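Undergrad: In the working numbering, the protein residues as written are 439 to 652.
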Amino acid sequence: MQAFLILSYIPIALGSVMLPALSRSVARGDGKDRMYAETSLRISLLSGTVLILLGTVFGPWMMAQIFGDRYTQAGALIGQVLWLLIPLAANHAMSGILIAGKQDRRVLLCASMGTVFFLLVISKAVLMYNAVGAIWTAAAAMTLTSICLITVVHKRMTIDLFSSVVKPGMVLLLTMVTFYILCFSGPEVAIACAFVTLSVGCYLLKCLTPQDII
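(1) Roughly how many angstroms separate the alpha carbons of L479 and S446, rounded to a whole number?
(2) Name the residue from T596, A531, F496 and D542 whose alpha carbon lies nearest to the alpha carbon of A630.
(3) Give me the residue from E626, I450, Q649 and A514 with the minimum Cα distance to A569.
(4) Quick one: what does DSSP say M439 is sitting in, helix, strand or coil?
(5) Exposed or buried, R544, counting other C-beta atoms within 10 Å across all chains shown (16 or more means buried)?
(6) Figure out for me which residue from G517, T487, V488 and T553 has the closest Cα to the Cα of M501.
(7) Determine the burial state of R472: buried for a count of at least 16 other Cβ atoms within 10 Å of its Cβ, exposed for fewer.
(8) Evaluate contact between the region 537–557 and the region 572–581, counting only Cβ atoms and requiring at least three cross-stretch pairs below 8 Å.
(9) Return helix, strand or coil for K593, following the three-state DSSP convention.
(10) What are the uninterrupted segments assigned as alpha helix (DSSP H) that are 4 or more residues long and contained completely in the region 596–625, given in chain order?
(11) Beta-carbon within less than 6 Å of A563's beta-carbon, same chain only, minus the 5 sequence neighbours each way: which residues are those?
(12) Using DSSP with H/G/I as helix, E/B as strand and the rest coil, what is Q541?
(13) How close, in whole Å, do the beta carbons of G493 and A527 come, if the pair is a contact with beta carbons under 8 Å?
(14) Suppose the cutoff is 7 Å on Cβ atoms and the five residues either side in sequence are ignored; what does the same chain contact list for I560 look like?
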């Protein structure tokens, strides 16, 4: 969780510095807030995939090298914890857009739904699955909040969900399937093939255009 909290400062910082620009875009009605929403969702999914793969392969080794063999189990959980970064980044991007449009109450409502779900499920999940149960309960709660926020933003500005969520989601799924299928060949081979799959998928489906990068 410490690794997750450290990495979470990246989307939090990006979302914070974007608020003034988003506020001006909403006031002008120039459509750049919609472009920001779509690009943020794509980048959240794709960059999250890269971090998950790196954490899964190198997390156990890195934790053992830094803190000793007693922390090997914590290293094994890093790959799973990093899944939380995808909904976290999406949440901050969507919240920034809604706050810029002075829709704070909807942000609060969406966050409350995820919080209530977490409180209802966490105890039973931990009893059944220990630390993994806590991680995946948090992921489910954050994903629920993301779905609510994306739905609200979509109703407000009609973002292209197919290009911003479905296509990068397909690339993420294909990349992870490739990685786990090839794990028997060794982690180095598996992660190399997964990154090739990710790159080819992004190129073929045009998940990140030059305009997005700019």
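All residues carry an ideal CB built from backbone N, CA and C; glycine is no exception. Model, not experiment: these values are computed from the prediction.
TA: Working from what's here:
(1) Residue mapping note: residue 479 aligns to position 41 of the sequence shown, counting from 1. Residue mapping note: residue 446 aligns to position 8 of the sequence shown, counting from 1. Rounded to whole angstroms, L479 to S446 spans 15 Å at the Cα level.
(2) In the sequence shown, counting from the first residue as 1, residue 630 sits at position 192. Among T596, A531, F496 and D542, the Cα nearest to that of A630 belongs to F496.
(3) Taking the sequence shown and counting its residues from 1, the one referred to as residue 569 is at position 131. Selected option, being the one with the closest Cα: A514.
(4) As a working note, residue 439 is residue 1 in the sequence shown. Of the three classes helix, strand and coil, the one that applies to M439 here is coil, per DSSP.
(5) Here residue 544 corresponds to residue number 106 of the sequence shown, with the count starting at 1. With 16 or more other Cβ atoms within 10 Å, it is buried.
(6) On the sequence shown, residue 501 is found 63 positions in, with the first residue counted as 1. Among G517, T487, V488 and T553, the Cα nearest to that of M501 belongs to G517.
(7) Within the sequence shown, the letter at position 34 stands for residue 472. That one is buried.
(8) yes
(9) Start at 1 with the first residue of the sequence shown, and residue 593 comes out as number 155. In the structure shown, K593 sits in a helix (DSSP, three-state: H, G or I).
(10) 605–619
(11) Looking up residue 563 in the sequence shown gives position 125. Cβ neighbours of A563 beyond the five flanking positions: G571 and T575.
(12) In the sequence shown, counting from the first residue as 1, residue 541 sits at position 103. Q541 falls in the coil class under three-state DSSP.
(13) Residue 493 sits at position 55 when you count from the first residue of the sequence shown. Residue 527 sits at position 89 when you count from the first residue of the sequence shown. Not quite, the Cβ-Cβ distance comes to about 15 Å (not below 8 Å), so this is no contact.
(14) Locating residue 560 in the sequence shown gives position 122, where the first residue counts as 1. Result list for I560: A572 and T575, in chain order.
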